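The opening position of the sequence shown corresponds to residue 1 in the working numbering, with each subsequent residue numbered one higher.
From the three backbone atoms N, C-alpha and C, an ideal C-beta is built for every residue, glycine too.
Note that this is a predicted model, so its numbers are computed, not measured.
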Amino acid sequence: QINADDNARIIRGHLNIVYWAKEAKELDKITSKIKTEFKELDIIPYYPRGEERKNYILNSYCCFSSNFSNNDLYVTDLKHALCLFINNTNYKSDNTGIIFNDREHNIPVLKDVWDEKKKRIKARNFAIFAPTGEGKSFLANNILRQYFESGVRLVIIDLGGSYTKFAKLYPEKYTVLRYESGKNLGINPFYISDTNDLTPERLEDLSVFLFELFASDLKVTKAQSVSVKKILRHYYDSTSENHSLDGFYSFIERYQEDLLDTLKIHPDYFNVTSFLHVMSEYVGDGLYSFLFEVSEDQTYKIEDKRLIVFELDEVKDNKEILSVMLKLIKSAIQRTIWKNRAEKGIILFDEFAKQLKFDNVLESVEFYYQAIRKQNGAIGIILQSINQLPNNSTSASILENTQVIYSLNNEKGYDELVKRLNLSSHDLNQLKSIKNNLSGPRKYTEMFIKIGRESNIFRLEVPKEVYAAYLTDGQENEEIMKLYNEHKDMQKAIIQFTSKT
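This is how it looks when you write it as structure tokens:
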């Protein structure tokens with residue numbers, strides 16, 4: 001077969017394994033293990049003894065390999081010989097990063113998934129893929145906690161309630177804004193503390209917000225954008241306080257007869273009748289007016305918080321409310337968190353699988369991907385399967401800007417993941433090798449991590465206290481939350497829980 005292949009390179013090679021132990025019994029165990037491993041590869045190992053063994057050991061030292069005789073060498077094709085070539089090293093820690101564990105000895109390894117100097121990646125956005133029960137939220141908690149403790153600001157948009165316990169570990173540093181049916185989040189995008197807040201950027205953001213509500217399916221022209229900004233400015237000049245969507249709507253309704261003439265806006269650039277009709281759903285007694293019924297803006301509550309959780313569990317099945325909520329959250333983030341572009345920040349979307357099939361929700365998520373480029377930050381998404389992202393241009397844009405991939409064990413296979421992310425055969429082999437150990441004294445999960453073009457398998461092994469902190473459901477989690485309700489101290493609750501187990 002080798003002779004028939006013109007591209008084959010025939011070489012001579014040699015492979016031996018040197019091992020040692022303090023006791024003879026231990027040597028026998030190692031010998032048996034090596035024989036078993038070779039048998040699985042259809043290789044019959046040769047075990048030298050006496051003077052011959054000494055010869056192999058000495059000739060294995062650097063620069064002595066030329067002393068091997070032809071009888072010590074095998075003849076084969078180069079590509080087959082390279083399979084036996086020992087070219088791997090131990091895991092190397094980066095100077096900074098997130099702590100995982102290596103696959104060989106569970107030794108902690110620092111992995112730089114932020115890449116400050118952008119040596120590996122140009123975008124820090126990440127995605128976590130794994131079926132239900134494989135530990136997506138557990139892994140996310142591990143990554144986010146370490147980011148948070150290193151000074152990164154976190155915004156979590158959660159539909160599953162997986163991060164409240166983690167947040168409660170940091171009293172005074174977090175806030176949870178939870179949507180309840182028929183109530184609002186306390187975010188008023190029109191609120192300004194004084195006229196200095198009304199910057200060109202703020203007017204730009206407000207006009208975008210209005211167009212997303214008013215004409216989400218239409219392409220906005222420059223003329224339309226200028227018209228809305230003129231009307232907004234006129235509204236703020238004419239109204240000194242209590243600014244809101246309801247107030248803006250009433251202002252246009254009151255002056256609709258001469259508003260366009262006053263501001264020299266052509267009717268083709270702003271259709272007052274259409275605007276009032278569509279926006280009536282969000283004001284007065286409109287169907288979704290409760291979302292904007294807010295006299296005081298509450299975003300000041302998040303300005304000094306480094307960990308912000310928006311819990312939208314109750315809204316997840318209503319695409320209209322969810323879409324508006326995402327727009328309101330975007331407004332709050334722009335006015336508070338993104339004020340300081342030097343500050344590192346992460347926005348995480350968890351459990352958004354079902355909602356991503358709604359175009360307006362997917363486009364809202366895409367906005368963050370585009371806007372984060374101007375910030376010192378990253379976007380993260382957590383999905384059960386990559387198939388939950390629709391196969392369209394918006395999803396393609398999101399995946400293209402996601403350069404850090406985490407994948408946990410998936411018994412159904414990884415074919416779609418490989419196809420959509422253009423993973424190599426080497427990546428696929430690594431994915432297929434993932435094995436978890438969830439029994440025994442030292443439990444761990446394995447995960448595939450790809451940063452740019454580099455990929456490897458890592459483990460996640462944590463102390464029992466950290467394990468308790470990351471639990472997001474089940475009886476154990478309920479016990480911890482019960483203890484928290486007693487003590488009002490999450491750290492104390494976790495220590496008490498782990499002392500009993």
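When DSSP states are grouped into helix, strand and coil, V324 belongs to the helix group. For secondary structure counted as the alpha helix (DSSP H) over 4 or more consecutive residues, the region 424-484 holds these complete runs in sequence order: 425-432, 464-470. A distance below 6 Å between beta-carbons, with the five flanking residues on each side excluded, links S280 to the following residues of its chain, in chain order: G286.
Burial check for E476: the Cβ neighbour count within 10 Å stays below 16, so the residue is exposed. Using a Cβ-Cβ distance cut-off of 8 Å, the region 163-176 and the region 439-458 are not in contact, since fewer than three pairs of beta carbons, one from each stretch, lie closer than that value. In the DSSP assignment, the residues bridged to V404 are F126, I451. In the DSSP annotation of this structure, the continuous segment of the alpha helix (DSSP H) that includes Y56 starts and ends at 50-59. For E134, the three-state secondary structure derived from DSSP is coil. DSSP links D350 through a beta bridge to D158, I382. From the listed residues A342, F190, H80, the smallest Cα separation to G151 is found for A342.
K488 and K344 have their C-alpha atoms roughly 30 Å apart. In this chain, the beta strand (DSSP E) harbouring K111 covers 108-111. For the pair K118 and F458, the Cα-to-Cα distance works out to about 22 Å. Here Y19 is exposed. Its C-beta has fewer than 16 other C-beta atoms within 10 Å. R9 is positioned such that its CB atom lies no closer than 7 Å to that of L82.
Residue burial is scored here from C-beta neighbours: E241 has fewer than 16 other C-beta atoms within 10 angstroms and is therefore classed as exposed.
Here S274 is exposed: its Cβ has fewer than 16 other Cβ atoms, across all protein chains shown, within 10 Å. The Cβ-Cβ distance between I386 and L356 does not fall below 7 Å. Its chain contains V155, T175, I302 as the residues whose beta carbon lies nearer than 6 Å to that of I308, once the 5 sequence neighbours on both sides are disregarded; these appear in chain order. Per the Cβ contact rule, the region 488-497 is not in contact with the region 123-139 (fewer than 3 Cβ pairs under 8 Å). The beta-bridge partner set that DSSP reports for T31 is empty.
Put simply, of L460, Y484, N422, I480 the residue whose alpha carbon is nearest the alpha carbon of N106 is L460. When the five nearest sequence neighbours on each side are left out, the beta carbons in the same chain lying within less than 6 Å of the beta carbon of Y470 are those of F138, N141, in order along the chain.
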